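**Student:**
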Amino acid sequence: MPQTVAQNLVSLMIDAGVKRIYGIVGDSANALIDAIHHSDGKIAFINVRNEEAGAFAAGADADISGTISAVFGSCGPGSLHLVNGLYDCNRNSASVFAVATHIPQSEIGSRYFQETRPDWIFADCTKYLGYATTARQMPRMAELAIQAAFLERGVGMVILPGDVARETIDKPMLPHPIARSRPVSLPVKDDLDALAKRIDESRKIVIYGGAGCREGREEVLALSRKINAPIAWAYRGMDVFEADNPNGIGMIGMLGWGAALRALHECDLLLMLGTDFPFHGLFPADTTIVQIDDTASQLGRRAMVDMALVGDVKTTVKTLLPMIAEHSDRSFLDDMLALHRDMLRIMAAPLSEPQNERALSPEQVANAIDELADKNAIFTVDTGMCNIWSARYLNMKKDQRLLASFGHGSMANALPQAIGAALAAPDRQVIALCGDGGLTMLMGELLTAVEQNLPVKLMVFNNSSRAMVHREMHDAGIEPWGAEVKNPDFGAVARAMGLYGERVEKAEDIRDAIVRAFDYPGPALIDFVTDLFADAPSPQDVMKRLEKEKTIDTARDDIETTRELKTRI
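Sequential numbering from 636 applies to the sequence shown in the working numbering.
1) Please state if the CB of A729 and the CB of R815 are separated by a distance shorter than 9 Å.
2) What's the C-alpha gap between A1102 and D669?
3) Please state whether the Cβ-Cβ distance between A895 and W868 is less than 9 Å.
4) How long is the line joining the alpha carbons of T769 and Y657, rounded to whole angstroms?
5) Enumerated in chain order, which unbroken segments of the alpha helix (DSSP H) with a length of 4 residues or greater are wholly contained in the stretch 694 to 781?
6) Going by DSSP in three states, C902 sits in which element: helix, strand or coil?
7) Could you tell me whether the stretch 857 to 864 touches the stretch 956 to 965, using the rule of 3 or more Cβ pairs below 8 Å?
8) Exposed or buried, which one is K762 when buried takes at least 16 other CB atoms within 10 Å?
9) By the 10 Å Cβ neighbour count, where 16 or more other Cβ atoms means buried, how is S1025 classified, buried or exposed?
10) Per DSSP, which one or two residues make a beta bridge with Y657?
11) Find out if the Cβ-Cβ distance for the pair L1207, Y1028 is shorter than 9 Å.
12) Using beta-carbon positions only, say whether G888 and G844 come within less than 9 Å of one another.
13) So, for P997: in the same chain, excluding its five sequence neighbours on each side, which residues have a beta-carbon less than 8 Å away from its beta-carbon?
14) Return helix, strand or coil for M648, following the three-state DSSP convention.
15) Let me check one thing: in DSSP terms, what residues is D1162 bridge-paired to?
16) Please identify the residue among G711, Y747, D903 and V1065 whose C-alpha is closest to the C-alpha of I842.
17) Starting from the Cα of V1143, find the closest Cα among V1000, R993, E850 and V640 and give me that residue.
18) Hey, A735 and F757 are a contact pair by Cβ (cut 8 Å); roughly how many whole angstroms apart?
19) Give me, in chain order, the residues of the same chain whose beta-carbon lies closer than 7 Å to that of E1119; leave out the 5 immediate sequence neighbours on both sides.
20) Under a Cβ-count criterion, where at least 16 other Cβ atoms within 10 Å of its own Cβ denotes burial, should S646 be classed as buried or exposed?
21) If you scan the stretch 1023 to 1078 from start to end, which runs of the beta strand (DSSP E) of 3 or more residues do you find wholly inside it?
22) Considering only C-alpha positions, which residue in the set I671, D675, I699 and A651 is nearest to A1056?
23) Can you give me the Cβ contacts of Q642 inside the same chain, cut-off strictly under 7 Å, excluding the 5 residues immediately before and after it?
24) Kindly identify the DSSP beta-bridge partner or partners of P796.
25) To the nearest angstrom, how far is the alpha carbon of A651 from that of F691?
26) Counting beta carbon pairs with one atom in the stretch 846 to 860 and one in the stretch 976 to 993, are three or more of them shorter than 8 Å?
27) At the level of alpha carbons, what is the spacing between M1132 and V1065?
28) Is Q638 helix, strand or coil when you go by DSSP?
29) Where do the N-terminal and C-terminal ends of the beta strand (DSSP E) with L944 fall, by residue?
30) Enumerate in chain order the residues of its own chain whose CB-to-CB distance from A1039 is below 6 Å, with the five nearest sequence positions on each side excluded.
31) Which of the three DSSP states is assigned to V875 in this structure?
32) How is T1083 classed by DSSP in three states: helix, strand or coil?
33) The beta strand (DSSP E) that contains Q926, what's its start and end?
34) Looking at L1037: is its Cβ nearer than 9 Å to the Cβ of T954?
35) Which runs of the beta strand (DSSP E) at least 3 residues long sit entirely within the stretch 931 to 1013? Give them in chain order.
The following block contains the structure:
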């Protein structure tokens, strides 16, 4: 039976497993909207307030569901709003199928109303970008875009002029199914033999893992136990490695904590597994580094590696395990774990401090959220200081997940990602750690949460500042001018928009407010007035404090020894 191009496109999405498509109606998308409307409920239309938020939500939806999600934008400004969110999806390896509807073919090149150049605009934030100028092109292009989203883990996109979307095609479906499964990959035997030899000859080994270890978590933990190697992780690897990991030693970088940085610079072999951590200056320059990743383009991109192996982490480590000898020497591991415990003690100090005269401790807020959250909760985190509080004070459990704008670093991601996660996993608690700056960028999506009746829990860290930038300016010796912002009472705003809303200014009210929000059956927001000047020391600063403590302890021991000698004399 003949179909319009838009109907065929919806049929392809259904066949690929798309359950939801995010977007905003517009005349160039009329044919697509009509086809979705008549899909017998097989694809739900999620009516967002900004297409950027739709892309963020689609990325989270895909990440949590483990399959593909979809988003669209209408011609010109509508599609332009997609750009930032699609960059995030692409860099977060989220399988998203995107449609940019476009002006009529006959008007292209005439500076027509809302005309843009989507073939230029989206080239850098997609794995595949097809531009359909005829009806016969669209089925093949859509299939290639969807396959790219699955197999290359990113955004597959088609540009669809509104007049082409209304055209009819006689043979609407291609005969073969869409390829969805990524193949397993394994380095050649000679490379594995060489790696096994390096491991056997090394005595101080550190594993540094990222999100690419998710499927191979148990194999990496087994490797750590066999060679007595501490495990550090990137932010994207936090929900992979923090839980139930006795050899865990934290993170490096601005968000860093624990003994990870010291371990990386004292080891004689660093194994980088499934990570694309971007800040190359933190990796040691004089240590043997081996990197394993299933994406060849990521090898050697962040550090000068001595061995680069293409392979998925699970299969590679599983094959490697019987090839290496068990290490009996635990001295390096035990030293790093002891240092890690000392650094955790210093990091925990703000949790017991009384409230200062300025505002709430963000550390105490994050810690309370962690303690009260469900064991399988999904956290979404805004870019900024919320990244630090989540990295240090959310103690991830094995079945919890953490979503953020990891590689792209965009603000305003937490609320829309919470919407996508809640739609993908309606039986799980979804908690967003929102910065005040990020929330105000896409605050209209509070209405989307209400409209969809999503029980998302929004924990707002309100310090009336672009706090991360404020901190960076201060550290650079620059007056943090322009970083302050004037905020409303977010609790009152939430109530006006149909959510449960509350504002908290006293430390003794933190936990009760969180409980009320978590118990509320619909969307809820708590506005925590937090301290802009909370310390958040770097791992280097924590090490200096430890060394100062040791110096003081040594001095006290010397004084006691002197007193004992004087007594004897």
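Positions of the beta carbon are idealized from the N, C-alpha and C atoms, including for glycine.
Please read all numbers here as calculations on a predicted model, not as lab measurements.
**Tutor:** Judging by the given coordinates:
1) As a position in the sequence shown, residue 815 is number 180, starting the count at 1. As a position in the sequence shown, residue 729 is number 94, starting the count at 1. Their beta carbons are not under 9 Å apart, which means R815 does not touch A729 by this criterion.
2) Position 467 of the sequence shown holds residue 1102. Position 34 of the sequence shown holds residue 669. Rounded to the nearest whole angstrom, the C-alpha separation of A1102 and D669 is 44 Å.
3) As a working mapping, residue 895 is identified with position 260 in the sequence shown. As a working mapping, residue 868 is identified with position 233 in the sequence shown. Contact annotation: A895 and W868 have beta-carbon atoms nearer than 9 Å.
4) Here residue 769 is taken as the residue at index 134 of the sequence shown, counted from 1. Here residue 657 is taken as the residue at index 22 of the sequence shown, counted from 1. Pairing T769 with Y657, the inter-Cα distance amounts to about 25 Å.
5) Within the stretch 694 to 781, complete alpha helix (DSSP H) segments of at least 4 residues are found at 712 to 715, 717 to 726 and 753 to 756, given in chain order.
6) In the sequence shown, counting from the first residue as 1, residue 902 sits at position 267. Collapsing the DSSP output to three states places C902 in coil.
7) With three or more CB-CB distances shorter than 8 Å, the stretch 857 to 864 counts as touching the stretch 956 to 965.
8) Position 127 of the sequence shown holds residue 762. Answer is buried; the Cβ neighbour count reaches 16.
9) Along the sequence shown, read from residue 1 onward, the residue named residue 1025 stands at position 390. Its Cβ being crowded by 16 or more others within 10 Å, S1025 is buried.
10) Translated into positions along the sequence shown, residue 657 becomes position 22. For Y657, which the question treats as bridged, DSSP gives the partners I681 and V706.
11) The structure shown does not extend to residue 1207, since the chain spans only 636 to 1204, so no value can be given for it.
12) Indexing the sequence shown from 1 puts residue 888 at position 253. Indexing the sequence shown from 1 puts residue 844 at position 209. Taking 9 Å as the cut-off, the beta carbon of G888 is found no closer than this to the beta carbon of G844.
13) Taking the sequence shown and counting its residues from 1, the one referred to as residue 997 is at position 362. In the same chain as P997, and ignoring 5 residues on each side of it, the C-beta atoms closer than 8 Å to its own belong to M1020, W1024, F1096, N1098, F1163, T1165, D1166 and A1169, in chain order.
14) Translated into the one-based positions of the sequence shown, residue 648 becomes position 13. DSSP places M648 within a helical segment (H, G or I) once states are collapsed to three.
15) Translated into positions along the sequence shown, residue 1162 becomes position 527. Per DSSP, the beta-bridge partners of D1162 are V1095 and R1138.
16) Residue 842 sits at position 207 when you count from the first residue of the sequence shown. When only C-alpha atoms are compared, the closest one is D903.
17) Residue numbering aside, residue 1143 sits at position 508 when the sequence shown is read from its first letter. Per the sequence presented here, residue 1143 reads as Glu, with Val not at that position. Residue V1000 holds the alpha-carbon nearest to the alpha-carbon of E1143 among V1000, R993, E850 and V640.
18) Within the sequence shown, numbered from 1, the residue matching residue 735 stands at position 100. Within the sequence shown, numbered from 1, the residue matching residue 757 stands at position 122. Confirmed, Cβ separation roughly 6 Å.
19) Taking the sequence shown and counting its residues from 1, one reaches residue 1119 at position 484. Taken in chain order, the residues that qualify are S1099 and S1100.
20) Indexing the sequence shown from 1 puts residue 646 at position 11. Per the 10 Å Cβ criterion, buried.
21) Inside the stretch 1023 to 1078, DSSP marks whole beta strand (DSSP E) runs of 3 or more residues at positions 1036 to 1039 and 1065 to 1070, from first to last along the chain.
22) For the purposes of this step, residue 1056 is taken as the residue at position 421 of the sequence shown. For the residues I671, D675, I699 and A651, the minimum Cα distance to A1056 belongs to I699.
23) By 1-based counting over the sequence shown, the position of residue 642 is 7. Cβ neighbours of Q642 beyond the five flanking positions: A670.
24) Mapped onto the sequence shown, residue 796 falls at position 161. According to DSSP, residue pairing for P796 in a beta bridge involves H737.
25) On the sequence shown, residue 651 is found 16 positions in, with the first residue counted as 1. On the sequence shown, residue 691 is found 56 positions in, with the first residue counted as 1. Distance between the alpha carbons of A651 and F691: 20 Å.
26) Between the stretch 976 to 993 and the stretch 846 to 860, the count of C-beta pairs closer than 8 Å stays below three; the two stretches do not touch.
27) Taking the first residue of the sequence shown as position 1, residue 1132 is located at position 497. Taking the first residue of the sequence shown as position 1, residue 1065 is located at position 430. As the crow flies, the alpha-carbon of M1132 is around 19 Å from that of V1065.
28) The sequence position of residue 638 within the sequence shown is 3, counting from 1. When secondary structure is reduced to three states using DSSP, Q638 falls in the strand class.
29) Against the sequence shown, residue 944 aligns to sequence position 309. M942 to V945 is the span of the beta strand (DSSP E), which, as asked, contains L944.
30) Residue 1039 sits at position 404 when you count from the first residue of the sequence shown. Setting aside the 5 residues that flank it on each side, A1039 is surrounded in the same chain by V1016, each with a C-beta closer than 6 Å to its C-beta; the list follows chain order.
31) The count along the sequence shown starts at 1 and reaches residue 875 at position 240. Looking at V875 - three-state DSSP - the assignment turns out to be helix.
32) If you number the sequence shown from 1, residue 1083 lands on position 448. In the three-state reduction of the DSSP assignment, T1083 falls in the helix class.
33) Locating residue 926 in the sequence shown gives position 291, counting from the first residue. Q926: member of the beta strand (DSSP E) spanning T923 to D928, first to last residue.
34) Counting from 1 along the sequence shown, the entry for residue 1037 is found at position 402. Counting from 1 along the sequence shown, the entry for residue 954 is found at position 319. Contact flag unset, no.
35) For the stretch 931 to 1013, the full-length beta strand (DSSP E) segments reaching 3 residues or more read 942 to 945 along the chain.
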